[in-house]
Amino acid sequence: MATFHLDGETPEFRAGQFLRLGVDLGEREPLSRPYSVASAPGEPLEFFIVRVDGGALTPRLFDLPLGAELKVHPRAGGVFTLGMVPDAETLWFISTGTGLAPFVSMLRQGEPFERFERVVVVQCVRQPEQLCYVEELNALAAAKPGKIRQVNLATRAPADGVLFCRITQAFTDGSLEEAAQATLTPETAQVMLCGNPDMLIDMQALLGERGMRKNRKREPGHITVEKYW
Numbered sequence: 008m009a010t011f012h013l014d015g016e017t018p019e020f021r022a023g024q025f026l027r028l029g030v031d032l033g034e035r036e037p038l039s040r041p042y043s044v045a046s047a048p049g050e051p052l053e054f055f056i057v058r059v060d061g062g063a064l065t066p067r068l069f070d071l072p073l074g075a076e077l078k079v080h081p082r083a084g085g086v087f088t089l090g091m092v093p094d095a096e097t098l099w100f101i102s103t104g105t106g107l108a109p110f111v112s113m114l115r116q117g118e119p120f121e122r123f124e125r126v127v128v129v130q131c132v133r134q135p136e137q138l139c140y141v142e143e144l145n146a147l148a149a150a151k152p153g154k155i156r157q158v159n160l161a162t163r164a165p166a167d168g169v170l171f172c173r174i175t176q177a178f179t180d181g182s183l184e185e186a187a188q189a190t191l192t193p194e195t196a197q198v199m200l201c202g203n204p205d206m207l208i209d210m211q212a213l214l215g216e217r218g219m220r221k222n223r224k225r226e227p228g229h230i231t232v233e234k235y236w
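Structure below.
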């Protein structure tokens, strides 16, 4: 996983949306894929991307030299934004891998702190050293005491301050809420999920057992999901 920082004009987008990022293939059409933006709207573009060996685009991106030119489609897409989320006491950002990117954009933009009493940021990776934006989130927590809580998990190796399990296990055994010092209930929480499809399916089922349901335009609920791949 790596962050890509782009100079140049920044297209308009809302925190949580994606932009198509691509490379020029000469005479052929540019090869592009959608990636959630990690930077705040109006700031220089930043993307948080995982290399997929055998993939069509990411190996090319990771092999580019510093200063290489990338193509960015000017029109943003996606509805995974806070505009879809009703107010609540606690906002939970739950992610695996690079699914953290849209949440970083939202936190940098600042709206979560204006609408919710507290924000819980849950990040799960395979190895502890893959955890990203930890220092930035720690600095944000220090600047906003009591407003943000970070819960990190790793599934392949233990580390200090990191839960050694999957998100679903931490939810089931209570360690997730204990670490967050917050509860996941329909009365108190809004949940945004982004990352591995299996995690999205499993967490929606587990949250459903607590009476939480997906947010819909005409029927507000408690869960907002980004199908990341």
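Last residue of the sequence shown? That's 236 in my numbering, and every number before it is there in order.
Where is the CB? At the ideal position from N, CA and C, for every residue including glycine.
- Exposure of V59 is indicated by the presence of fewer than 16 other C-beta atoms within 10 angstroms of its C-beta.
- Residue nearest to S102 within the set A164, G228, I208 is I208 (criterion: CA-CA distance).
- The alpha helix (DSSP H) runs lying completely inside the region 134-169 and spanning 4 residues or more are 141-150, given in chain order.
- I174 is the residue among I174, A9, A187 whose C-alpha sits nearest the C-alpha of A212.
- The residue from Q176, L114, L52, R217 with its alpha-carbon nearest to that of L26 is L52.
- When only Cα atoms are considered, L71 and P37 end up about 15 Å apart.
- Following the DSSP letters along the chain, one finds F11 inside the beta strand (DSSP E) bounded by residues 9-12.
- Between the alpha carbons of G15 and L191 lies a distance of about 41 Å.
- Between the C-alpha atoms of M206 and Q197 there is a straight-line separation of about 17 Å.
- Per DSSP, reduced to three states, the secondary structure at S102 is strand.
- When D180, Q24, T88, Q137 are compared, the shortest CA-CA separation from T162 is found for Q137.
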